[in-house]
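For the numbering used here, count along the sequence shown from 1 and bump the result up by 245.
Report on the following structure.
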Amino acid sequence: MGSVQAALFDGIALSVTQQDLFEHALNDVAFGASLYANIALAGFALLLFAFMARNVSDPRSQLIVVSVMAISAVSIASYSGLASGLTISIIEMPDGHTLAGATTELAHSGEEVDGTVALWGRYLTWTFSTPFILLALGLIAGSNLTKIFTAIVFDVLIMVTGLAAALTTSSHLMRWWWYAISCVFFAVVLYILLVEWPEDAKAAGTSSIFRQGQILTVVTWLGYAVFWAAGNEGLGVFETAVVTSWGYSILDIFSKYILGFIIIAWVIENEDLVSGGQTYGATSEAIPADD
Ligand code: RET
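Next comes the structure, spelled out in structure tokens:
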């Protein structure tokens, strides 16, 4: 193996194959269910939202609907990556970590392998799903492009540094260092959600729905950060990947599907309020007719 690759995968068990991890998720029913249930739920949400919003014709309202649907679309891919074993690894934690030296029993073979199961694909795919949550909320608040862009950029940074925290095996301290950086980026997003957008929403006359989305988002997102710290990749209060995985899967139900439902149900009743006009986003309209 090349030295770059060797460095990257140092501490990540390569003898466990992708097929082993696929079979592990399939045979450990409690663990597998936390993944398969979400694939089904995301598919159902996608169909339900498409049906609910079938008559929405205003372009800006449609943008909110598409954004909400994209969250579930990414989710199907995300959970498929986990269930297939593609985005799961067995990771050997560095000295000082509660789970340093821990072993995992593979559900299908009973084989005992060094390390703990890490579902790092979650952090990777949150990079692609969470921007859509912020886009939908920013549009509802009637916020400007600068604030929406800022929220999304720092959101992506939260997830990428969270991924780094999960995959770092060189040093226990470095894992928490990544975590700390991620929290700083999270503070930027929280500021926009708690301070900037409520004011924009007030001006746009959308305070009530924004507030519902804001509370659901802030509470669940804090939950993700706390859960990482407590789960098998952090302090190891919940030692097994099963409990950690279910924690995230349940948070996902609120942060994605329930939020999405509330937003779509509101948009279909409030197209007038959301509307930017039929030419919203059009590029040719700005050019005056030459006559
Ligand atoms: C991590 C660990 C590092 C510190 C922080 C985190 C925050 C994660 C958040 C996740 C939100 C996920 C959602 C997923 C839905 O698809 C990466 C756990 C602050 C806020 C909403």
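Glycine included, every Cβ here is placed at the ideal spot set by N, Cα and C.
Remember, it's a predicted structure, so these values are computed and weren't measured experimentally.
query: Which one or two residues does DSSP pair with A363 in a beta bridge?
result: S334
task: Assuming F373 contacts L402 (C-beta within less than 8 Å), just tell me the rounded distance between them.
output: Actually they do not touch by this definition, with Cβ atoms about 14 Å apart.
message: Is Y502 near the ligand RET - that is, is its Cβ less than 6 Å away from at least one heavy atom of it?
response: no
message: According to DSSP, simplified to helix, strand and coil, what is E350?
response: strand
field: Assigned secondary structure, V313 (DSSP; H/G/I helix, E/B strand, else coil)
entry: helix
Residue range of the alpha helix (DSSP H) that includes V301: First-last for V301: undefined, no H or E at that position.
query: Among the residues of its own chain, which have a CB less than 7 Å from the CB of Y368, if the five just before and after it don't count?
result: M404, G407, L408, A411
- prompt: How should D497 be labelled, buried or exposed, when 16 other C-beta atoms within 10 angstroms of its C-beta is the threshold for buried?
  reply: buried
message: I need the DSSP call for E484, collapsed to helix, strand or coil.
response: coil
field: From N389, R420, Y436, G330, residue whose alpha carbon lies closest to that of F399
entry: Y436
- prompt: Where do the ends of the alpha helix (DSSP H) carrying G468 lie?
  reply: 452-475
- request: Decide if M246 is buried, meaning its Cβ has at least 16 other Cβ atoms within 10 Å, or exposed.
  value: Here the model assigns M246 a pLDDT of 47, short of 50, so the residue's position is not dependable and the matter cannot be decided.
- prompt: Run through DSSP, which three-state label would M246 get?
  reply: In this prediction, M246 has a pLDDT of 47, which is less than 50 and means its spatial position is unreliable; nothing more can be read from the coordinates.
- request: Starting from the C-beta of D303, find all residues in its chain whose C-beta is less than 6 Å away, skip the five residues before and the five after it, and write them out in chain order.
  value: E516, S520
Three-way DSSP call (helix, strand, coil) for V512 in this model: helix
task: Report, in whole angstroms, the separation of the C-beta atoms of L286 and Y502, which I expect to be a contact under 8 Å.
output: 6 Å
- prompt: Which residue's Cα is closest to the Cα of L379: G458, W423, Y324?
  reply: G458
field: Presumed contact (8 Å Cβ cut-off) between E337 and T395, rounded CB distance
entry: Incorrect: roughly 37 Å between the Cβ atoms, too far for contact.
message: Distance check for N283 and W511, CA to CA, integer angstroms please.
response: 24 Å
- prompt: Taking the C-alpha atoms as reference points, what is the distance between L293 and V464?
  reply: 25 Å
message: Taking contact to mean 3 or more Cβ pairs, one atom from each stretch, closer than 8 Å, check whether the segment 311-322 and the segment 522-529 are in contact.
response: no
message: Suppose you measure from the CA of C428 to the CA of S354; what does that come to, to the nearest Å?
response: 39 Å
field: Proximity below 7 Å, CB of I508 to CB of A298
entry: no
- prompt: Hey, would you say L518 sits closer than 7 Å to L461, going by beta carbons?
  reply: no
message: Can you tell me whether T262 is buried or exposed? The criterion is at least 16 other CB atoms within 10 Å of its CB, across all chains shown.
response: exposed
message: Considering Cα atoms alone, identify which of F377, L291, G360, G341 is closest to W421.
response: G341
task: Please confirm whether any heavy atom of the ligand RET lies closer than 6 Å to the CB of W422.
output: no
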